[in-house]
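Single-structure report; data block below.
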Amino acid sequence: MRRVTLLAALAATLPTIAMAASSSAVPVEGMPQLAFGHPEQGRLLVGQVVWLLLIFAALYFLMAKIALPRVGAVIENRHARIAADLEAAQAAKAEADGAMAAHRAATEAARGEARAAVASAVQAAQADSDAKAAALNARLNAQIAEAEARIEAARASAMGAIRGVATDTAEALVAKLVGRADRAAIDTAVGAALTAQGRA
Amino acid sequence: MAAEGKTIDALSQFELSPVLGVFGDAVSFSQSNLMMLVAVLITFLLMKLTADRGELVPGRLQALGEASYSFIAGMVRDQVGDEGKKYFPFVFSIFMFVLLGNLLGMVPYSFTFTSHIMVTLTLAIVVFLVVTCVALAIHGMHFFTYFFPEGAPKWLAPIIIPVEIISYFSRVVSLSVRLFANMVAGHVMLKVFATFVVLLGGLGAIGPFVAAMPLAVNVVLVGFEFLVAFLQAYVFAILTSIYLHDAVHLH
């Protein structure tokens, strides 16, 4: 189509070249845009159209073949870059989210572990202290029992001593009063008296 | 210049004159065509520098180039769909060409090539031909069902078909005349009010004070013209996209 335009332009230009000599200072009547009858304006109007077709064809060629594809590539590049960056950002965000989740899970696990450790430590300490307390109690009970036994023994010996002292005293008293004393009878009487008092 | 002989000459700014000396004169190369070349050069340099930088974080120039690329790419995608990718360079070329034509016209002493009906008509015809060729290439003979909507009563065909055909061809007219009329109207108004400034400024002592009013109007108009420059380029491009959508999808 461009070749046809070129040929048409050439065909239209040739006569205007031929009549180029006829320029003169004739005043233009009415609108210059429509002054086809004017010797100079007329041929310039025709020439204008021919040149317009040539120049516009050149513009179209320059735009379609050279300039616009390159500008389009620049814009396309930017779009691709932005899309890639967005994708990378998306991936980074997902990664960060994953890391955050992992971190949260780890924190949770650590917290549970710590809780378990604390609980087991408390339990161990409890058990330990329970055992110690039990041991102490046992020892104390043993000591108490021993002391009680000792007290019992002391009391028994004291009680025994009371009987002896009472018998001796009673024997002495009876000897002073009566002049003689039957130790066996006195002993039996003291035993009976002590038993009556509930201290045997 | 404009106020010579105390008349308002708003139209001579649209006159063509050959540039580049004898050679330009010989091939009828006018200042209008020179501005087209400048527009192409600026567009190409902008896009080339954008691509050459190609940085991940664009600077101001690269952002401008990428913004224009994305703007038209988005428009074509929205209007035509993913099949429209092939036509993106065409719509982009149309948009940048018209936009820079309009904007270059705002530079003092420059020339607005979009204010020439021959230019806008040629662009509209190019769009029309491209759209029709695309439709024929995709749909073949089926394309002609475009002129008779499916499901319409058969007896309405004698009315609907001519109306559809006329509306199809009137795209060329509406595309070209809209841009042409907008640019001419804007520049004529600028010129008229600028002439007022010069004429009123010559009214003795009160002149400068009275002349301030049309000057203020012109300041507003310049801002408005920049809006129109963008808007008309946008309209041209989006209509091209819509026509391409019709060509690709048929209704």
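Read top to bottom, the protein sequences are chains A and B.
All you need for my numbering is the position in the first sequence, starting with 1, plus 123.
All you need for my numbering is the position in the second sequence, starting with 1, plus 8.
Where a beta carbon is used, it is the ideal one built from N, C-alpha and C, also for glycine.
Remember, predicted model here, so these are calculated numbers, not experimental data.
Item, Value
"Per DSSP, what kind of secondary structure is B/Pro116 in: helix, strand or coil?", "coil"
"Leaving out the 5 sequence neighbours to the left and right, which residues in its chain are closer than 7 Å to A/Pro155 when beta-carbon positions are compared?", "Gln164"
"For A/Asp310, which option in A/Val301, A/Gly287, A/Ala254 has the closest C-alpha, if you only look at C-alpha atoms?", "A/Gly287"
"Going by DSSP in three states, B/Pro26 sits in which element: helix, strand or coil?", "strand"
"At the level of alpha carbons, what is the spacing between B/Met104 and B/Gln70?", "16 Å"
"Throw me the rounded Cβ distance for the B/Thr203 and B/Ile16 pair, which I believe falls under 8 Å.", "5 Å"
"Check whether chain B comes within 8 Å of A/Leu191, counting only Cβ atoms and requiring the distance to be less than that.", "yes"
"Closer than 7 Å by beta-carbon distance: list the chain A residues that pair up with B/Phe105, in chain order.", "Phe179, Leu182"
"Are the region 168-175 of chain B and the region 219-227 of chain B in contact at 8 Å, needing three or more beta carbon pairs?", "no"
"Between the C-alpha atoms of A/Lys299 and A/Ala289, what's the straight-line distance to the nearest angstrom?", "15 Å"
"Can you tell me whether DSSP reads B/Ser38 as helix, strand or coil?", "strand"
"Compile a chain-ordered list of the residues in the region 188-217 of chain A whose CB is closer than 8 Å to at least one CB of chain B.", "Ile189, Ala190, Leu191, Arg193, Val194, Gly195, Ala196, Val197, Ile198, Asn200, Arg201, Arg204"
"Quick one, which residues of the region 21-49 of chain B are near chain A if we go by CB-CB under 7 Å, in chain order?", "Phe22, Glu23, Leu24, Pro26, Asp33, Ala34, Val35, Ser36, Phe37, Ser38, Ser40, Asn41, Met44, Leu45, Val48"
"What does A/Gly160 reach in chain B if we use C-beta pairs closer than 7 Å?", "Per Cβ cutoff of 7 Å: no residues; A/Gly160 is ~14 Å from chain B at best."
"Show which residues of chain A have a CB atom less than 7 Å away from the CB atom of B/Leu64.", "Arg201, Arg204"
"Just to confirm the assignment: which complete alpha helix (DSSP H) runs, minimum length 4, are found wholly within the region 158-206 of chain A?", "162-184"
"Would DSSP call A/Gly153 helix, strand or coil?", "coil"
"Could one say the Cβ of B/Met191 lies closer than 8 Å to chain A's Cβ atoms, at least one of them?", "no"
"Is A/Glu218 buried or exposed, if buried means 16 or more other CB atoms sit within 10 Å of its CB?", "exposed"
"Closest to B/Asp60 by C-alpha separation, out of A/Leu296, A/Leu259, A/Leu191, A/Ala214, would be which residue?", "A/Leu191"
"What residues from chain A crowd round B/Tyr117, counting only those whose CB sits closer than 7 Å?", "Residues of chain A passing the Cβ test: none, with the nearest at roughly 17 Å."
"Apart from the five residues on each side of it in sequence, which residues of its chain come closer than 7 Å, Cβ to Cβ, to A/Arg161?", "The sequence given here has His at residue 161 of chain A, not Arg. So the qualifying residues of the chain are Val149, Val151."
"Would DSSP call B/His124 helix, strand or coil?", "coil"
"Between B/Lys56 and chain E, is any beta-carbon pair separated by less than 8 Å?", "As a matter of chain content, chain E is missing from the structure shown, whose protein chains are A and B."
"Does A/Gly321 come out as helix, strand or coil in the three-state DSSP assignment?", "coil"
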